[in-house]
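Written below as structure tokens is the structure these notes are about.
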Amino acid sequence: MASLVTCPHCGKRPKEEFTVKGAALTRPAVDAAQDVWFDYVYLRDNPRGAYQEYWHHTSGCRRWLVVTRDTATHEIFQCHDAAERGEVTA
Amino acid sequence: MSEFRVTLSPALGGRAAVSRKGISVEAQPEGTLLHLLVDPTMGDAVRLAADLMAAGLELRPLTTGQWFAVGDTALAHADLAALSATLKPQADIVDQSHGRVRIIVKGKMAARVLSKGTAVDLDIAVFPVGHATTTLFGHISAHVTRIGEDAFELIVLRGFAESLWDELAQMSLEFS
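Note that the protein sequences, when read in sequence, are chains A and B. The letter at position 90 of the first sequence is residue 90 when you use the numbering used here, and the numbering goes up by one with no holes. Every number in the numbering used here is 1000 more than the matching position in the second sequence, counting from 1.
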């Protein structure tokens, strides 16, 4: 896993300051079918390559971030505040 | 806000200031420490700062829309209620005076010592006087503000204060 995360508020910080929640997925509609919700809650793709996740800067600014990283190379492509959502594509 | 103040013995009461060559660590009086949650759409922070200064408090930036306001003396309940009423609806206050402790680390070697515990670049060029951030010191989360060229203020949760103090004492040992 990437060891340095560039928080948009705090700058470069070690990963120990963060808590990873998991994949940043688009939430289904409230009345979506049960299998769609099952997929959203339980099933993950575990891709090799680009992956978008929610990270919480627990020991820093305490903001929720969306981190786009590569699971193979550990490179971090982008990191932005989750409040600016809309860019989540996964 | 509670009608009654809980009287606590100082978290670092038994600790004499650590004084070494080029670095000292001292506990601040447990006066007032307020957590401010500000609505940015309700006006600018300048007025807010003026109100807090009038109450004898200083602002420390915490995160987006949040500040700490600190002071050496404990505000009376009535003063706190009045301040809270003045700041509404722009800001809400959570009294954290009982929950967080301030420690001052100062001296020429202060940045060197603190750098042993955190990944934050404390160079004055990127971390100027007045700049503040929250970070890990070892395994302890603490808020650090540069209050002078060679002086830092750490704000730490009360329960971690002794532990952080011991770590600072140990990290500064090489300058004894």
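Just so it is clear, CB atoms sit at the ideal spot from N, CA and C, and this is done for glycine as well. All values derive from a computational prediction rather than experimental measurement.
Identify whether residue i lies in helix, strand or coil by the three-state DSSP scheme.
{"i": "Phe1068/B", "result": "strand"}
{"i": "Glu16/A", "result": "helix"}
{"i": "Pro1128/B", "result": "coil"}
{"i": "Phe1004/B", "result": "coil"}
Using a 10 Å radius around the Cβ and a threshold of 16 neighbouring Cβ atoms, would you call residue i buried or exposed?
{"i": "Phe1068/B", "result": "buried"}
{"i": "Val1120/B", "result": "buried"}
{"i": "Ala1132/B", "result": "buried"}
{"i": "Phe1004/B", "result": "exposed"}
{"i": "Val20/A", "result": "exposed"}
{"i": "Glu84/A", "result": "exposed"}
{"i": "Ala1011/B", "result": "buried"}
{"i": "His74/A", "result": "exposed"}
{"i": "Gly1107/B", "result": "buried"}
{"i": "Val1006/B", "result": "exposed"}
{"i": "Val1018/B", "result": "buried"}
Just to confirm, is the Cβ distance from residue i to residue j under 8 Å?
{"i": "Ala1110/B", "j": "Asp1150/B", "result": "yes"}
{"i": "Phe1175/B", "j": "Lys1021/B", "result": "yes"}
{"i": "His56/A", "j": "Thr1063/B", "result": "no"}
{"i": "Arg27/A", "j": "Tyr40/A", "result": "yes"}
{"i": "Val1025/B", "j": "Ile1103/B", "result": "yes"}
{"i": "Thr953/B", "j": "Thr1145/B", "result": "Limits of chain B in this structure are 1001 at one end and 1176 at the other, which puts residue 953/B out of reach."}
{"i": "Asp1079/B", "j": "Ala1055/B", "result": "yes"}
{"i": "Phe77/A", "j": "Ala50/A", "result": "yes"}
{"i": "Leu1057/B", "j": "Leu1034/B", "result": "yes"}
{"i": "Glu1162/B", "j": "Gly1138/B", "result": "no"}
{"i": "Thr1086/B", "j": "Asp1123/B", "result": "no"}
{"i": "Gly1159/B", "j": "Val1129/B", "result": "no"}
{"i": "Val1113/B", "j": "Ala1027/B", "result": "no"}
From this set, the options, which residue's C-alpha is nearest residue i's C-alpha?
{"i": "Cys61/A", "options": "Ala82/A, Gln78/A, Val30/A", "result": "Ala82/A"}
{"i": "Met1053/B", "options": "Val1070/B, Leu1168/B, Asp1039/B", "result": "Val1070/B"}
{"i": "Ile1177/B", "options": "Leu1173/B, Leu1168/B, Thr1032/B", "result": "Nothing about residue 1177/B can be reported from this structure: the residues present for chain B run from 1001 to 1176 only."}
{"i": "Val67/A", "options": "Asp45/A, Ala24/A, Gly11/A", "result": "Ala24/A"}
{"i": "Gly1065/B", "options": "Ser1115/B, Thr1041/B, Ser1009/B", "result": "Thr1041/B"}
{"i": "Leu1008/B", "options": "His1098/B, Ala1169/B, Asp1166/B", "result": "His1098/B"}
{"i": "Val1156/B", "options": "Gly1130/B, Ser1172/B, Val1105/B", "result": "Val1105/B"}
{"i": "Ser1084/B", "options": "Leu1037/B, Glu1030/B, Asp1123/B, Gly1107/B", "result": "Leu1037/B"}
Going by the C-beta, is residue i closer than 7 Å to any heavy atom of the ligand MG?
{"i": "Phe1160/B", "result": "Among the components modelled here there is no ligand, and therefore nothing to report on the ligand MG."}
Query raised in the report: What alpha helix (DSSP H) runs, 4 residues minimum, are completely inside the segment 22–71 of chain A?
Result: 34–42
Query - Secondary structure, beta strand (DSSP E): runs of 3+ residues fully inside the segment 1012–1093 of chain B - result: 1018–1020, 1023–1027, 1032–1038, 1058–1063, 1066–1071
Requested in this report: Ignoring anything shorter than 4 residues or poking outside the segment 1102–1173 of chain B, list the alpha helix (DSSP H) runs there in chain order.
Outcome: Runs found: 1110–1115, 1158–1171.
Requested in this report: Identify each residue in the segment 1135–1165 of chain B for which the Cβ-Cβ distance to at least one residue of chain C is less than 7 Å, and report them in chain order.
Outcome: Protein chains A and B are contained in the structure displayed, whereas chain C is not.
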